[in-house]
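Chemist: If you use the UniProt record's numbering, the sequence shown corresponds to residues 1 to 152, in order.
Here it is, the structure, as structure tokens.
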Amino acid sequence: MRAGDHARVAEIWHEGWHDAHDGLVPDALSRLRTPDAFRKAVPKLTRPVRVGLTEGGIGGFVAWQDDGIDYLFLARAVRGTGLAQALMARAEAEIAAAGHTVARIDHVEGNARAARFYAREGWRRIGHEDERWPETGDSIGGWRSILLEKRL
Numbered sequence: 001m002r003a004g005d006h007a008r009v010a011e012i013w014h015e016g017w018h019d020a021h022d023g024l025v026p027d028a029l030s031r032l033r034t035p036d037a038f039r040k041a042v043p044k045l046t047r048p049v050r051v052g053l054t055e056g057g058i059g060g061f062v063a064w065q066d067d068g069i070d071y072l073f074l075a076r077a078v079r080g081t082g083l084a085q086a087l088m089a090r091a092e093a094e095i096a097a098a099g100h101t102v103a104r105i106d107h108v109e110g111n112a113r114a115a116r117f118y119a120r121e122g123w124r125r126i127g128h129e130d131e132r133w134p135e136t137g138d139s140i141g142g143w144r145s146i147l148l149e150k151r152l
């Protein structure tokens, strides 16, 4: 990802995060996920990030660290086009090239679209984790993340 990509990646991340999480995580957490919060977060990403290009420009991105895929988000307009599969394949290949034989990812419980996508792509559920984020200095509630893995 280049510095010139930051604004578009932040837009996609904001839109995709809310599509994937709103109604499934505490409202207080969703309110913290503003466009400005994502604009500030993108330049601070220290993990590999790859963008997926479409005729209209950047349509999505994937980011990972070690064996864990942290972010996979697409603009609404390009969902269902195969871009998610291409980005996932790129991350999986780079994780494998780094010597890992298993990759990991998670999604918020209740995100049926993500669950269907990961199942189609060969990911299997290995458990769950109860999450609590004290971003405001106080606990703002919790949710469950579904943990998945895939042999590479």
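In this text, a Cβ means the ideal position worked out from N, Cα and C, and glycines have one as well.
#1: Please name the residue or residues paired with I58 in a DSSP beta bridge.
#2: May I have a chain-ordered list of the alpha helix (DSSP H) segments no shorter than 4 residues that lie completely inside the segment 67 to 98?
#3: Could you check if V9 is buried or exposed, using at least 16 other CB atoms within 10 Å of its CB as the buried criterion?
#4: What does a CB cutoff of less than 7 Å around D70 pick up in its chain, not counting 5 residues either side in sequence?
#5: Among residues of its own chain, excluding the 5 on either side of L148, which ones have a beta-carbon nearer than 8 Å to its beta-carbon?
#6: State yes or no: is the C-beta of G60 within less than 9 Å of the C-beta of A75?
#7: Along the chain, where does the alpha helix (DSSP H) containing R104 start, and where does it finish?
#8: G127 bridges to which residues according to DSSP?
#9: List the DSSP bridge partners of W17.
#10: With a cut-off of 8 Å on the beta carbons, I'd call T54 and L83 a contact; round off their distance for me.
#11: To the nearest angstrom, how far is it from the Cα of D66 to the Cα of M88?
#12: Which class does G4 belong to by DSSP, given the choice of helix, strand or coil?
#13: P35 to G16, Cα distance in whole Å?
#14: Going along the chain, which residues of its own chain have a beta-carbon closer than 7 Å to the beta-carbon of I95, five neighbours each way excluded?
Modeler: If we stick to the structure as given:
#1: Paired residues: L53.
#2: Runs of the alpha helix (DSSP H) spanning 4 or more residues and lying entirely within the segment 67 to 98 occur at 83 to 97, in chain order.
#3: Buried: at least 16 other Cβ atoms inside 10 Å.
#4: Excluding positions up to five away in sequence, the list reads R47, A63 and W64.
#5: Once the five neighbours on either side are set aside, the close Cβ partners of L148 are R104, I105, D106, H107, Y118, W123, R124, R125 and I126.
#6: The answer is yes: Cβ separation under 9 Å.
#7: Under the DSSP assignment, R104 falls outside any alpha helix (DSSP H), being part of the beta strand (DSSP E) whose first and last residues are V102 to V108.
#8: According to DSSP, which records beta bridges pairwise, G127 is partnered with L147.
#9: Bridge pairing for W17: absent [DSSP].
#10: That pair is a contact at about 7 Å.
#11: In a straight line, the C-alpha of D66 is about 15 Å away from that of M88.
#12: In the structure shown, G4 sits in a helix (DSSP, three-state: H, G or I).
#13: P35 and G16 have their C-alpha atoms spaced approximately 11 Å apart.
#14: Contacts found: W64, D67, A103 and L152.
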